[in-house]
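Working notes for the structure below.
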Amino acid sequence: MKVRLLHTADVSPGHVRSAFSGLAPPLVPGESLPHRGSFASFYDRARAQYDAFGVLETVPAPEPGWLNLLLLGADLFVPALTYVFGLSHLAGGRGILSVSRLKPPEENELSERVLVHRLRVEVAHELGHAAGLVHCAVNDCAMHRSLWPESVDLKNPEFCASCRARLPEAP
Ligand SMILES: [Zn+2]
Ligand SMILES: [Zn+2]
Numbered sequence: 113m114k115v116r117l118l119h120t121a122d123v124s125p126g127h128v129r130s131a132f133s134g135l136a137p138p139l140v141p142g143e144s145l146p147h148r149g150s151f152a153s154f155y156d157r158a159r160a161q162y163d164a165f166g167v168l169e170t171v172p173a174p175e176p177g178w179l180n181l182l183l184l185g186a187d188l189f190v191p192a193l194t195y196v197f198g199l200s201h202l203a204g205g206r207g208i209l210s211v212s213r214l215k216p217p218e219e220n221e222l223s224e225r226v227l228v229h230r231l232r233v234e235v236a237h238e239l240g241h242a243a244g245l246v247h248c249a250v251n252d253c254a255m256h257r258s259l260w261p262e263s264v265d266l267k268n269p270e271f272c273a274s275c276r277a278r279l280p281e282a283p
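Count along the sequence shown starting at 1, add 112, and that's the number in this note's numbering.
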């Protein structure tokens, strides 16, 4: 399945490249483009966050064989949770992922490596949902559920054998 990464201006080109270079089979890099949709109207002033369901609707549905993922810097919420890393339409081919909560608190060379790992894991996670995968009990599978950034560190940016078997191969 080919991946189209849409991105907002607050996501660095290096992070877009890292997300692409970390894709594991059967995901393959397709293209990266600036996001054209505006989600300003989904800003919640009281929470100082964006409504993830609204932002997700600004991502166009992809053509067959493709998955569309929006990478953004803005912090996301859903009504029941303090924040979410991302959100996807299950088997709908599209999703969103924020780098906001993935950043470690300090900025140094190690924290950049941690961030890139988390980014690759959660890119795989949201793309997996977009391709139809649900959460997985295997601890280090990308589809394992993570509620905290630190728990993302325990996963790989890859799908376990049983998740992989549920995904179509790249054309
Ligand atoms: Zn999930
Ligand atoms: Zn799995």
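Ideal Cβ positions, reconstructed from N, Cα and C, are used throughout, including at glycine.
Option nearest residue i by Cα separation, candidates the options
| i | options | result |
| --- | --- | --- |
| Leu117 | Cys272, Ser124 and Leu179 | Leu179 |
| Leu279 | Tyr195, Asn268, His241 and Ala121 | His241 |
| Pro176 | Arg232, Glu219 and Lys114 | Lys114 |
| Lys215 | Arg225, Arg206, Ile208 and Gly207 | Arg225 |
| Phe132 | Phe271, Asp156 and Val235 | Val235 |
| Met255 | Pro269, Pro261 and Glu262 | Pro269 |
| Trp260 | Ala136, Val196, Val250 and His119 | Val196 |
Three-way DSSP call (helix, strand, coil) for residue i in this model
| i | result |
| --- | --- |
| Ser210 | strand |
| Gly142 | strand |
| His119 | strand |
| Gly149 | coil |
Contacting residues, own chain, Cβ-Cβ under 7 Å from residue i (five flanking each side not counted)
| i | result |
| --- | --- |
| Glu143 | Arg116 |
Contact with chain E by residue i, beta-carbon distance below 8 Å
| i | result |
| --- | --- |
| Leu266 | Here chain E cannot be found, since the structure has a single protein chain. |
Neighbourhood of residue i by C-beta, 8 Å cutoff - its chain only, sequence neighbours within 5 removed
| i | result |
| --- | --- |
| Pro138 | Met113, Arg276, Leu279, Pro280, Glu281 and Ala282 |
Rounded Cβ spacing between residue i and residue j (contact assumed at less than 8 Å)
| i | j | result |
| --- | --- | --- |
| Gly244 | Leu202 | 6 Å |
| Gly185 | Val123 | 6 Å |
> Quick one, what's near ligand 3 if you take every residue whose CB is closer than 6 Å to any heavy atom, in chain order?
Replying inline: Among the ligands modelled here, namely ligand 1 and ligand 2, ligand 3 does not occur.
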